[in-house]
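Colleague: Got a structure for you, questions after.
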Amino acid sequence: MLALAAGGLKRRKRVDAEGRDETRYLDCLTEIADSGMAPAERLLARYNGPWKRDIRHIFEEARI
Numbered sequence: 350m351l352a353l354a355a356g357g358l359k360r361r362k363r364v365d366a367e368g369r370d371e372t373r374y375l376d377c378l379t380e381i382a383d384s385g386m387a388p389a390e391r392l393l394a395r396y397n398g399p400w401k402r403d404i405r406h407i408f409e410e411a412r413i
C-alpha cells in the first residue's frame, strides 16, 4: 500500500520550496512498516530496557 501511495504522490509532482515531493509524508509510516513497531512500542521497549523503567527519559525523548 505504501508503494502505491508513494507512486501516486510522485506522479502528482507537488514539491516544496526545497524540491521535496509529498512522499516524505510517508516516511514515518514506512519506518513503522519496516520495523513492525509503532512509535509507542519503541518507547515502551526503551522504558523497559535501557531506561530501566525510569519515566523521566520520556520527557527528554518527547521534547519539541
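Residue numbers (the working numbering): 350 to 413. Even for Gly, the Cβ is constructed at its ideal location relative to N, Cα and C. Just so you know, these numbers come straight off a predicted model, no measurement behind them.
By Cβ distance below 7 Å, which residues in the same chain neighbour T379 in space, the five residues on each side in sequence not counted?
Modeller: Closer than 7 Å at the Cβ level, and outside the excluded window around T379, lie L351.
Colleague: So what's D403 in DSSP terms, helix, strand or just coil?
Modeller: If DSSP states are grouped into helix, strand and coil, D403 belongs with coil.
Colleague: So, for L375: in the same chain, excluding its five sequence neighbours on each side, which residues have a beta-carbon less than 8 Å away from its beta-carbon?
Modeller: L351, A354, A355 and L358, listed in sequence order.
Colleague: Return the chain-ordered list of same chain residues with a C-beta closer than 8 Å to the C-beta of L392, the five sequence neighbours on each side being excluded.
Modeller: If we look at L392 and ignore the five residues flanking it on each side, its Cβ neighbours are I407 and E410.
Colleague: What are the boundary residues of the alpha helix (DSSP H) that R395 is part of?
Modeller: Per DSSP, R395 belongs to the alpha helix (DSSP H) from P388 to N397.
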